[in-house]
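Quick note: the sequence shown uses the UniProt record's numbering, first residue 1, plus one each step. Idealized CB from N, CA, C, for every residue including glycine. Down below is the structure, laid out as structure tokens.
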Amino acid sequence: MSRRIISLWLPFWHTDLWRRRNPDQPAESGLALHTHDGRRYVVAAADRVARAAGVVPGMALTHAQALVPDLFAPLLDADADGDALERLAEWCLWLSPLVATNPPDGIWIDSTGCDHLQGGEAPMLDTLADRLASLGLTCRLSLAETPGAAHALARYGRNDRIILPAGGQGAALAALPVGGLRLASQTEEGLQRLGLRTIGALQAAPRAPLTRRFGADLMRRLDQAMGAVFEPIQPLRPRDAIVPRRSFVEPIGTPEAIATVIEVLVDDASRDLVQRGVGARLIDLMCERVDASMQVCCVGLAAPAYEAAHIARLLKERIETIEPGFGIEAMQLVVVRTEPIPADGRTRGLLATEHVSEGLACLLDRLRNRKGIEQIYRLTEAGSHLPERTQVRVALPDASRRKTKPIAWQWSAQRPARLFPTPEPIMVLSTLPTAPPRLFVWRGGRYRVRAADGPERIHGEWWQDAEEYGAIRDYWVVEDDEGGRFWLFRQGDGVHEWSGDLSWFIHGVL
1 MSRRIISLWL PFWHTDLWRR RNPDQPAESG LALHTHDGRR YVVAAADRVA RAAGVVPGMA
61 LTHAQALVPD LFAPLLDADA DGDALERLAE WCLWLSPLVA TNPPDGIWID STGCDHLQGG
121 EAPMLDTLAD RLASLGLTCR LSLAETPGAA HALARYGRND RIILPAGGQG AALAALPVGG
181 LRLASQTEEG LQRLGLRTIG ALQAAPRAPL TRRFGADLMR RLDQAMGAVF EPIQPLRPRD
241 AIVPRRSFVE PIGTPEAIAT VIEVLVDDAS RDLVQRGVGA RLIDLMCERV DASMQVCCVG
301 LAAPAYEAAH IARLLKERIE TIEPGFGIEA MQLVVVRTEP IPADGRTRGL LATEHVSEGL
361 ACLLDRLRNR KGIEQIYRLT EAGSHLPERT QVRVALPDAS RRKTKPIAWQ WSAQRPARLF
421 PTPEPIMVLS TLPTAPPRLF VWRGGRYRVR AADGPERIHG EWWQDAEEYG AIRDYWVVED
481 DEGGRFWLFR QGDGVHEWSG DLSWFIHGVL
């Protein structure tokens, strides 16, 4: 699986953030935050209104105020903005466990293996953009194989959302300016004086002279963007998170060694959870390999849990998904989400009703953390009295949600063990139109009725379907000569024409 990195760029991060702090500032007035560069006051960030009037970051504040006399220019608070960027990065942990800040106005998200949870890469970016828009933030998103390529496309790409296929860095970055490589300002200015204004021109130029003149960092940034050199991102650690970690003298790689470390980390995390009176809902196991890459496996729990044995079992079942490579030099366990434990001490109380056992809750956790969980479902009651509508398929509780609805594991209606989704027509021989059948033909077989019990009358749901207005079903439980029991019904009551045409159906087998 190729690596996939999302670059989230907030082009108006400072001004958007300032407007949220100061909602009284009128939107039609120009806004520019300024800072001091040691010699003079300069514009650090400008909103859309100010930019439309010609104000751009880096401009002298006096020049900006000359262009826009009523320009509102408060002082930039870089420390507060940095803290806010870290909090936003923590908020992005719902999408992936590997999130890192890209100061001063960007965030990296390693979405490798996460896109299927959102329906694909394009829906994933759409969901992220919509959620950011609901927070009042303007963003540009790009998805690529490397952090460098994603960074450049987010800031200099033509569209607000770009998805770059695997191996497409060279062609996609060729026309972008060299500023997309995160170079020092002096290096960027020197390249432009040489006529190397685009990444494609830089890639075609001789490497040795440029390295001697500008240093090794220039070509390292280029190789990182193209994927020739691996560039790790430093995952953000949530504040006040439970993060036990172990480093090793020698790298490990066997499943047995990984399982041993898991037990140690889980024991440490379990003690912290008990001390805080909370249970874990989402847990990430991060394995730091010797090649500076990160292997992550995530587990979710249906209800807050602190039991070390249960958590360790869930993680051990995911060991097969870890690729140690040349070895793992450190492992850490991150409890991403916690919830208070119920006062009565039952950690599974949030999963369902009191009838759900501890073992069933553990089984749901194990099933949920395996591949193909979307194919597993349960049956629950629906608001209908028609047999084929009384049960519906629903997914298992989602561990990413903080609250789950109670699960009705039992339903009161007594129905056949095998209920057909659609009633099947049969041919019936009876003494009277309203009497039970004496013989019926179903799927080419003849069944002679020895005994019958009924009828149970069920009316059609006219509020669901206008064609069911006045419809009547009379259900019978019949037994044939060989002891087989069947659930049959007649359409109509035999009195009113609008109630049905007296045709017979089989709806289930008891």
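Terminal residues of the alpha helix (DSSP H) in which residue i lies
| i | result |
| --- | --- |
| TYR377 | Premise fails: TYR377 lies in the beta strand (DSSP E), 377-381, not in any alpha helix (DSSP H). |
| ILE5 | Counting along the chain, ILE5 falls outside any alpha helix (DSSP H), though it belongs to the beta strand (DSSP E) covering 5-9. |
| ASP126 | 121-134 |
| LEU432 | Segment: none, LEU432 is in no alpha helix (DSSP H) and carries neither H nor E. |
| TRP13 | 13-21 |
| VAL56 | Here VAL56 belongs to no alpha helix (DSSP H), and DSSP marks it neither H nor E. |
| THR211 | 207-214 |
| GLN118 | First-last for GLN118: undefined, no H or E at that position. |
| GLY157 | Neither: GLY157 is in no alpha helix (DSSP H) and is coded neither H nor E. |
| GLU189 | 185-193 |
| ARG313 | 308-316 |
Opening and closing residue of the beta strand (DSSP E) in which residue i lies
| i | result |
| --- | --- |
| PRO103 | Note, PRO103: premise wrong, no beta strand (DSSP E); not H, not E. |
| SER142 | 140-144 |
| TYR475 | 472-480 |
| ASP453 | 445-459 |
| ASP463 | The sequence shown places Trp at residue 463, rather than the Asp named in the question. Element bounds for TRP463: n/a, residue is neither H nor E. |
| GLU339 | 328-340 |
| ARG161 | 161-163 |
| PHE440 | 439-442 |
Bridge-paired residues (DSSP) for residue i
| i | result |
| --- | --- |
| HIS36 | TYR41 |
| CYS92 | None; CYS92 has no bridge partner. |
| PHE505 | PRO425 and PHE489 |
| SER2 | Note: SER2 sits in no beta bridge, so no partner. |
| VAL392 | THR380 |
| CYS298 | ASP284 |
| ALA46 | ALA32 |
| PRO177 | THR198 |
| VAL278 | PRO340 |
| ALA305 | ALA280 |
| ASP110 | ILE5 and LEU98 |
| ARG418 | VAL509 |
| ARG289 | ILE328 |
| LEU75 | HIS34 |
Whole-number beta carbon distance between residue j and residue i, since they are thought to touch under 8 Å
| i | j | result |
| --- | --- | --- |
| PHE46 | VAL55 | First, the residue type needs correcting, since residue 46 is Ala and not Phe in the sequence shown. About 5 Å separates the two Cβ atoms, so the contact holds. |
| GLU329 | PRO304 | Contact flag wrong, Cβ pair sits at about 32 Å. |
| TRP108 | PRO165 | That belief does not hold up - the Cβ atoms of TRP108 and PRO165 are roughly 19 Å apart, past 8 Å. |
| GLY179 | GLU188 | 5 Å |
| GLU86 | LEU236 | 7 Å |
| SER2 | SER142 | Going by Cβ atoms, the distance from SER2 to SER142 rounds to 15 Å, so no, they are not a contact pair. |
| LEU439 | HIS507 | Not really, about 18 Å apart at Cβ, beyond 8 Å. |
| ASP474 | ARG457 | 6 Å |
| PRO251 | VAL290 | 5 Å |
| MET124 | ASP115 | 5 Å |
| ALA280 | ILE322 | Not confirmed; about 20 Å, so no contact. |
| VAL394 | ARG378 | 6 Å |
| VAL477 | LEU432 | With a Cβ gap of about 18 Å, VAL477 and LEU432 do not count as contacting. |
| PRO333 | ALA241 | Correcting the residue identity first, residue 333 is Leu in this sequence and not Pro. In fact, because the Cβ distance is near 10 Å, the residues do not count as touching under 8 Å. |
| LEU10 | TRP18 | Going by Cβ atoms, the distance from LEU10 to TRP18 rounds to 13 Å, so no, they are not a contact pair. |
| LEU502 | ARG485 | Contact doesn't hold; Cβ gap of about 23 Å is too wide. |
| GLY492 | ILE472 | 6 Å |
beta-carbon residue i near the ligand ADP non-hydrogen atom, thresh 8 Å
| i | result |
| --- | --- |
| GLY327 | The ligand ADP is not part of this structure, which contains no ligands at all. |
Min CB distance residue i to chain B below 9 Å
| i | result |
| --- | --- |
| ALA66 | This model lacks chain B altogether, as it is built from one protein chain only. |
Sufficient close CB pairs (3 or more, under 8 Å) joining the segment 205-221 to the segment 251-265: no
Sufficient close CB pairs (3 or more, under 8 Å) joining the segment 157-164 to the segment 119-138: yes
Contiguous beta strand (DSSP E) assignments of at least 3 residues, all confined to the segment 219-256: Counting only runs of 3 or more, we get 245-252.
The segment 145-158 / the segment 167-175 touching (three or more Cβ pairs under 8 Å): yes
Touching by the beta-carbon criterion (3+ pairs, under 8 Å), the segment 291-299 and the segment 318-328: yes
Touch test, the segment 94-102 against the segment 221-239, Cβ-Cβ under 8 Å, three pairs minimum: yes
Any 3 or more C-beta pairs closer than 8 Å across the segment 74-92 and the segment 216-223: no
Contact between the segment 381-389 and the segment 415-434 (3+ Cβ pairs under 8 Å): Touching, per the Cβ criterion.
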